[in-house]
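Novice: Here the UniProt record's numbering is used: the sequence shown runs in plain steps of one and ends on residue 124.
For each residue, glycine too, the CB sits at the ideal point set by N, CA and C.
A quick note: this is a predicted structure, and the numbers were derived from the prediction, not measured.
Structure in structure tokens, see below.
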Amino acid sequence: MVVKVKTWIEDDNEHLVFGGGKTQILELIDETGSISEASKRVGMNYKKAWSHIKILQEYIEDDLVVVKKGRDSGGTALTPKAKELILKYKLLEKEVRDFSTKRFEEIFMADGEIINCTKGSQDV
1 MVVKVKTWIE DDNEHLVFGG GKTQILELID ETGSISEASK RVGMNYKKAW SHIKILQEYI
61 EDDLVVVKKG RDSGGTALTP KAKELILKYK LLEKEVRDFS TKRFEEIFMA DGEIINCTKG
121 SQDV
């Protein structure tokens, strides 16, 4: 058995600010140099991907992408702030996951025993 956790960041009004999806979009923009290509890879339309970036930039109050215009030299690059945000989020996510795994093992696997469940063996 393993414990699973999801980590995201909300504002004071419980609006999603940053999480795994936005991290993935930013990482793919960095990899591909294109918002369009990044959005295709995650199965999201371009407008929605760009909207996520705009919203995030409003919360961060800093630019996260630099759009280079031009037919042959166009593309999109991440700013240092965006790369820093990705690293911080991934560190937070890893530490939350590591802590959860450790506590799960301490609580549910104490004395070397594990919870065994057999569906249908007992009425719940």
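Determine the DSSP secondary structure at residue 64, reduced to helix, strand or coil.
Specialist: Walking along the sequence shown from the start, residue 64 turns up at place 64. Coil, per DSSP.
Novice: Could you tell me how far apart the beta carbons of residue 49 and residue 25 are, in whole angstroms, since I believe they sit closer than 8 Å?
Specialist: Residue 49 sits at position 49 when you count from the first residue of the sequence shown. Residue 25 sits at position 25 when you count from the first residue of the sequence shown. Yes, residue 49 and residue 25 are in contact; Cβ-Cβ is about 6 Å, under 8 Å.
Novice: Is residue 10 helix, strand or coil by DSSP?
Specialist: Position 10 of the sequence shown, counted from the first residue, corresponds to residue 10. Residue 10: strand per DSSP, three-state reduction.
Novice: Is it the case that the Cβ atoms of residue 76 and residue 35 are separated by a distance below 9 Å?
Specialist: By one-based count along the sequence shown, residue 76 stands at place 76. By one-based count along the sequence shown, residue 35 stands at place 35. Yes, Cβ-Cβ distance for residue 76 and residue 35 is below 9 Å.
Novice: Note down the Cα distance separating residue 104 from residue 94, rounded to an integer number of angstroms.
Specialist: Here residue 104 is taken as the residue at index 104 of the sequence shown, counted from 1. Here residue 94 is taken as the residue at index 94 of the sequence shown, counted from 1. Going by the C-alpha atoms only, they are around 15 Å apart.
Novice: For residue 124 and residue 41, I'd like the C-alpha separation in whole angstroms.
Specialist: To locate residue 124, count along the sequence shown from 1; it is residue 124. To locate residue 41, count along the sequence shown from 1; it is residue 41. Low per-residue confidence applies at residue 124: pLDDT is 46, beneath 50, and the placement is therefore not dependable enough to give any value.
Novice: Taking only three categories from DSSP, how would you classify residue 96?
Specialist: As a first step, residue 96 is located in the sequence shown; it is residue number 96 there, counting from the start. Here residue 96 sits in helix by DSSP.
Novice: Would you list the one or two residues that DSSP bridges to residue 77?
Specialist: For the purposes of this step, residue 77 is taken as residue 77 along the sequence shown, with counting starting at 1. Residue 77 pairs with 66.
Novice: Between 88, 59 and 32, which has its C-alpha nearest residue 10's C-alpha?
Specialist: In the sequence shown, the residue the question calls residue 10 occupies position 10. Selected option, being the one with the closest Cα: 59.
Novice: Take residue 89 as the anchor and find which of 1, 14, 15 and 22 has the nearest alpha-carbon.
Specialist: As a first step, residue 89 is located in the sequence shown; it is residue number 89 there, counting from the start. Answer by Cα proximity: 22.
Novice: Once the 5 residues before and after residue 101 are set aside, which same chain residues still bring their CB inside 8 Å of it?
Specialist: One-based indexing of the sequence shown puts residue 101 at position 101. 2 and 3, listed in sequence order.
Novice: For residue 107, count neighbouring C-beta atoms within 10 Å of its own C-beta (all shown protein chains included) and say buried if the count is 16 or more, exposed if not.
Specialist: Taking the sequence shown and counting its residues from 1, the one referred to as residue 107 is at position 107. Residue 107 comes out exposed.
Novice: Return helix, strand or coil for residue 17, following the three-state DSSP convention.
Specialist: Numbered from 1 along the sequence shown, position 17 holds the residue referred to as residue 17. In the structure shown, residue 17 sits in a strand (DSSP, three-state: E or B).
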